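Trainee: Numbering-wise, the sequence shown is residues 0 to 250 according to numbering that gives the first Met the number 0.
Here a beta-carbon is modelled for each residue, glycine too, at the ideal position from N, C-alpha and C.
Small disclaimer: the values here were computed from a predicted structure and weren't measured.
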Amino acid sequence: MRVTLDIWRQDGPRAGGRFETHVVEDAEPEMSLLELLDRLNDQIIEAGGEPVVFESDCREGVCGCCGFLVNGRPHGPVDNTPACRQHLRAFPEVTHMRLEPFRAGAFPVIRDLAVDRSALDALIQAGGTVDVMAGTAPDADAVPQPYQQAETALDFASCIGCGACVAACPNGAAMLFAGAKLAHLALMPQGAHERSRRARQMGRALDEHFGPCSVFGECVPTCPAGIPLAAVAAANREVLRAAWRGRTHDD
Numbered sequence: 000m001r002v003t004l005d006i007w008r009q010d011g012p013r014a015g016g017r018f019e020t021h022v023v024e025d026a027e028p029e030m031s032l033l034e035l036l037d038r039l040n041d042q043i044i045e046a047g048g049e050p051v052v053f054e055s056d057c058r059e060g061v062c063g064c065c066g067f068l069v070n071g072r073p074h075g076p077v078d079n080t081p082a083c084r085q086h087l088r089a090f091p092e093v094t095h096m097r098l099e100p101f102r103a104g105a106f107p108v109i110r111d112l113a114v115d116r117s118a119l120d121a122l123i124q125a126g127g128t129v130d131v132m133a134g135t136a137p138d139a140d141a142v143p144q145p146y147q148q149a150e151t152a153l154d155f156a157s158c159i160g161c162g163a164c165v166a167a168c169p170n171g172a173a174m175l176f177a178g179a180k181l182a183h184l185a186l187m188p189q190g191a192h193e194r195s196r197r198a199r200q201m202g203r204a205l206d207e208h209f210g211p212c213s214v215f216g217e218c219v220p221t222c223p224a225g226i227p228l229a230a231v232a233a234a235n236r237e238v239l240r241a242a243w244r245g246r247t248h249d250d
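(1) So the alpha helix (DSSP H) G178 belongs to, where does it begin and stop?
(2) Give, in chain order, every unbroken run of the alpha helix (DSSP H) that is at least 4 residues long and sits entirely within the segment 62 to 148.
(3) On the DSSP bridge list, what partners appear for L153?
(4) Among G15, C64, V114, which residue has its Cα nearest to the Cα of R84?
(5) Ordered along the chain, which non-local residues of its own chain (more than five positions away) have a Cβ less than 8 Å from that of V142?
(6) I need the straight-line Cα distance from L119 to D37, nearest angstrom please.
(7) In this structure, how does DSSP classify C212 when only helix, strand and coil are distinguished?
(8) Give the straight-line distance between the Cα atoms of N170 and G71, rounded to the nearest whole angstrom.
(9) Looking only at its chain, what residues have a beta carbon closer than 6 Å to the beta carbon of I123, apart from the 5 residues adjacent to it on each side?
(10) So, does the segment 143 to 150 touch the segment 196 to 205, judging by three or more C-beta pairs under 8 Å?
(11) Please list the segments of the alpha helix (DSSP H) lying wholly inside the segment 23 to 49, counting only runs of 4 or more residues, in order along the chain.
(12) When the Cα atoms are used, what is the spatial distance from V69 to D140?
(13) So, do the segment 105 to 115 and the segment 124 to 131 have three or more beta carbon pairs nearer to each other than 8 Å?
(14) In the DSSP assignment, find the unbroken beta strand (DSSP E) run with L4 in it and report its ends.
(15) Mind checking R116: buried by the 16 CB within 10 Å criterion, or exposed?
(16) Within the same chain, show all residues whose beta-carbon is closer than 7 Å to that of S31, passing over the 5 residues directly before and after it, in chain order.
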């Protein structure tokens, strides 16, 4: 299987970038996009060149490290699937790919396909945690919670923080990511007393690092975790609720 790759090469954050064209003659349908890049890098190294820099870790669709644009689409042509789980057999008609880093103001390029996604970390630092008494291990049934509420919270908690939603949004918004975190924690009994503070702080971080939500929903098909658009509504609801309450803690 012959695959032609136009790949973005950039030597550093302040360097100018350009596309390079490479051909992988022996690609296999079972290869994932990352394995295709591995094979390409083998070729480049054998020829004495510099390999393409890209991120990866677990390669099981859990860590969220592997994102880049494939023909302008975050992760690749298959909906709700990370790049490491997109196999060539799923789109055999695509034999010419344009690979480039996530394009968003909040994600500056580090090198080649790798970007700095620390803006997402800033959102978590702003409010993606709960205060608990250290050194304690309460019984599993000590804090009751309705089953369906717990399941919904877990659905929102499945976000892997890859940043595809930001790259897909024409405004570079992170409302799907922030909404998943806010909805998840709002449904949990732990940390309920800091719910308003969390929403206010995450709302400020959103305004500081990301663009406004376009409400077009481009983020949803690209999300590997399948976070629904309801997360965006949850983010708006939590921020408005916090503004209405106007207090540091919930009572």
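Mentor: Working from what's here:
(1) Translated into positions along the sequence shown, residue 178 becomes position 179. Where G178 is concerned, the enclosing alpha helix (DSSP H) stretches over 174 to 185.
(2) 117 to 126
(3) Here the question's residue 153 lines up with position 154 in the sequence shown. Note: L153 sits in no beta bridge, so no partner.
(4) For the purposes of this step, residue 84 is taken as residue 85 along the sequence shown, with counting starting at 1. For the residues G15, C64, V114, the minimum Cα distance to R84 belongs to C64.
(5) As a working note, residue 142 is residue 143 in the sequence shown. Closer than 8 Å at Cβ, skipping near neighbours: P188, Q189.
(6) On the sequence shown, position 120 is the one that residue 119 refers to. On the sequence shown, position 38 is the one that residue 37 refers to. Rounded to the nearest angstrom, the two C-alpha atoms are 27 Å apart.
(7) By 1-based counting over the sequence shown, the position of residue 212 is 213. If DSSP states are grouped into helix, strand and coil, C212 belongs with coil.
(8) Position 171 of the sequence shown holds residue 170. Position 72 of the sequence shown holds residue 71. Between N170 and G71, the C-alpha separation is close to 15 Å.
(9) By 1-based counting over the sequence shown, the position of residue 123 is 124. So the list is empty, once near-sequence residues are dropped.
(10) no
(11) 32 to 45
(12) One-based indexing of the sequence shown puts residue 69 at position 70. One-based indexing of the sequence shown puts residue 140 at position 141. One C-alpha to the other measures close to 46 Å.
(13) no
(14) As a working note, residue 4 is residue 5 in the sequence shown. Per DSSP, L4 belongs to the beta strand (DSSP E) from 2 to 9.
(15) Here residue 116 refers to the residue found at position 117 when the sequence shown is read from its first residue. That one is buried.
(16) By one-based count along the sequence shown, residue 31 stands at place 32. Here the set comprises C83, R84, Q85, H86.
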